[in-house]
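A.B. asks: I have a structure I would like to understand better, so I am pasting it below and will then ask my questions one at a time.
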DNA sequence: AGAAATTTGTCCGTATGTATC
DNA sequence: AGATACATACGGACAAATTTC
């Protein structure tokens, strides 16, 4: 068979279909994936191509694979929806503690960038990062 | 030829040797890597094995590859050495601002975890992450 | 501009090694 | 021990992007 890969290569097309099955819930979290052999039959693709497709899903964290056992869908790390952040920058003066850490005088100008993480609109984490003003992003 | 991969598979051994060449400066940043064909000759390995070794280096960010052109070593993003962190946790009381963000009363106990990033022993970044006490890690 | 050569990308088939059941 | 399933490796073929002539 020739090897024309118009647009998307086969392994990506197969990966997309498998991804669909997982994200749609057809293969629930924690359940085993079909074996490589079964997939070669279903998609009429060589084992190498199937393995590449599986590798894509593994890199994306959708499945895990164990030697001799097989692949299984992962329990999604974020079943709760909308864990997003917003960021905000402002200038602050170094207090005694920060001044000591940075090795500068008290009152030196710092940049504080704050990001807030929410889980279902509830704030669960606030991160503040302090840098000297001269630092390149 | 048989395919015994005692300990490390061939593609990892080859990747390690190439990595050495890059990190030692034998192949300076920004210069082209040997072609896949040249590497198959040098290491007496199949092209597939060579390609896997190259993929390892690419995933590690040491090289870049372009279709039809070849691979080239990357300019290291951090020529400065020792960008490391230390972490430290302590309990704090929510001030007005944090209390407002978390939607709790002023004075509520929070956990502050602080990490300090240094570049050549100089502090360049201080990050503070605040969470509620009930949060799971 | 166009053809040829070079180089990486995809795919197949097969064989063997290694871990698990 | 045997069967099953994933891991590594080889060789060959063709596709696609780039460079060279």
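Residue numbers (the working numbering), protein chains in the order written: chain G, 1 to 137; chain F, 1001 to 1137.
Ideal Cβ positions, reconstructed from N, Cα and C, are used throughout, including at glycine.
(1) Mind checking which residues open and close the beta strand (DSSP E) that includes residue 1070/F?
(2) Count the other C-beta atoms from every protein chain shown that fall within 10 angstroms of the C-beta of residue 1106/F, then say buried if there are 16 or more, exposed otherwise.
(3) Restricting to Cα atoms, I'd like to know which of 130/G, 102/G, 89/G, 23/G is closest to residue 62/G.
(4) Looking at residue 138/G: is its Cβ nearer than 7 Å to the Cβ of residue 1131/F?
(5) Pop quiz: residue 956/F and residue 1049/F are said to be a contact at Cβ under 8 Å. What is the actual Cβ separation, rounded to whole angstroms?
(6) If the cut is a Cβ gap below 7 Å, which residues of chain F does residue 98/G touch?
(7) Is the CB of residue 11/G under 7 Å away from at least one CB in chain F?
(8) Residue 113/G bridges to which residues according to DSSP?
(9) I need the straight-line Cα distance from residue 70/G to residue 47/G, nearest angstrom please.
(10) Beta-carbon of residue 101/G versus every beta-carbon of chain F: anything under 7 Å?
(11) Grab me the residues of residue 18/G's own chain with a C-beta within less than 7 Å of its C-beta, minus the 5 sequence neighbours each way, in chain order.
(12) Compare the Cα-Cα distances from residue 1127/F to each of 98/G, 133/G, 122/G and report the closest residue.
(13) Could you pull the start and end residues of the alpha helix (DSSP H) that residue 48/G belongs to?
(14) Does any residue of chain F have a CB that is nearer than 7 Å to the CB of residue 131/G?
(15) Taking Cβ-Cβ distances shorter than 7 Å, what residues in chain F pair up with residue 116/G?
(16) With a threshold of 7 Å between beta carbons, is residue 1123/F in contact with chain G?
(17) Under three-state DSSP, which class holds residue 1027/F?
(18) Could you pull the start and end residues of the beta strand (DSSP E) that residue 108/G belongs to?
(19) Helix, strand or coil: which one does DSSP assign to residue 8/G?
(20) Applying the 10 Å Cβ sphere with the 16-neighbour rule, what's the burial state of residue 1033/F?
(21) Kindly indicate which residue of 112/G, 75/G, 122/G, 108/G has the alpha-carbon position closest to the one of residue 29/G.
(22) Quick one: is residue 1035/F buried, meaning 16 or more other Cβ sit within 10 Å of its Cβ, or exposed?
(23) CB-CB under 8 Å to residue 1104/F, same chain, minus the five flanking residues each way: which ones, in chain order?
(24) Give the secondary structure of residue 1065/F by DSSP, where H, G and I count as helix, E and B as strand, and everything else as coil.
C.D. replies: Straight from the coordinates:
(1) If you number the second chain from 1, residue 1070/F lands on position 70. Where residue 1070/F is concerned, the enclosing beta strand (DSSP E) stretches over 1070 to 1073.
(2) Looking up residue 1106/F in the second chain gives position 106. The residue is exposed, with fewer than 16 neighbouring Cβ atoms inside 10 Å.
(3) Counting from 1 along the first chain, the entry for residue 62/G is found at position 62. That would be 23/G, whose Cα lies nearest to the Cα of residue 62/G.
(4) The shown model of chain G, from 1 to 137, leaves out residue 138/G, and the question about it has no answer.
(5) Lying outside 1001 to 1137, the shown extent of chain F, residue 956/F is not represented and no answer is given.
(6) As a first step, residue 98/G must be located in the first chain, where it is residue number 98. Contact of residue 98/G with chain F by beta-carbon distance below 7 Å involves 1126.
(7) As a first step, residue 11/G must be located in the first chain, where it is residue number 11. Chain F contact via Cβ: absent.
(8) Mapped onto the first chain, residue 113/G falls at position 113. Its beta-bridge partners are 89/G, 129/G.
(9) For the purposes of this step, residue 70/G is taken as the residue at position 70 of the first chain. For the purposes of this step, residue 47/G is taken as the residue at position 47 of the first chain. One C-alpha to the other measures close to 14 Å.
(10) Counted from its first residue, the first chain places residue 101/G at position 101. Chain F contact via Cβ: present.
(11) Position 18 of the first chain, counted from the first residue, corresponds to residue 18/G. Hits under 7 Å: 53, 57.
(12) Sequence index remark: in the second chain, residue 1127/F carries index 127 (1-based). Cα-wise, what sits closest to residue 1127/F is 98/G.
(13) Within the first chain, numbered from 1, the residue matching residue 48/G stands at position 48. It spans 47 to 59 - the alpha helix (DSSP H) in which residue 48/G sits, taken as one unbroken run.
(14) Taking the first residue of the first chain as position 1, residue 131/G is located at position 131. So, interface residue.
(15) Your numbering for residue 116/G matches position 116 in the first chain. By Cβ distance, chain F contributes 1101.
(16) Mapped onto the second chain, residue 1123/F falls at position 123. Yes, because at least one Cβ of chain G sits closer than 7 Å to the Cβ of residue 1123/F.
(17) Position 27 of the second chain, counting from 1, holds the residue named residue 1027/F. Looking at residue 1027/F - three-state DSSP - the assignment turns out to be coil, as it is neither helix nor strand.
(18) Along the first chain, read from residue 1 onward, the residue named residue 108/G stands at position 108. No beta strand (DSSP E) contains residue 108/G, which DSSP labels as neither H nor E.
(19) In the first chain, residue 8/G corresponds to position 8, counting from 1. Three-state result, residue 8/G: coil.
(20) Reading the second chain from its first residue, position 33 is the one you call residue 1033/F. Per the 10 Å Cβ criterion, buried.
(21) Position 29 of the first chain holds residue 29/G. For residue 29/G, the closest of 112/G, 75/G, 122/G, 108/G by C-alpha to C-alpha distance is 75/G.
(22) Working through the second chain from its first residue, we reach residue 1035/F at position 35. It is exposed - the Cβ of residue 1035/F has fewer than 16 other Cβ atoms within 10 Å.
(23) In the second chain, counting from the first residue as 1, residue 1104/F sits at position 104. Around residue 1104/F: 1094, 1132.
(24) The residue you call residue 1065/F lines up with position 65 of the second chain. Looking at residue 1065/F - three-state DSSP - the assignment turns out to be strand.
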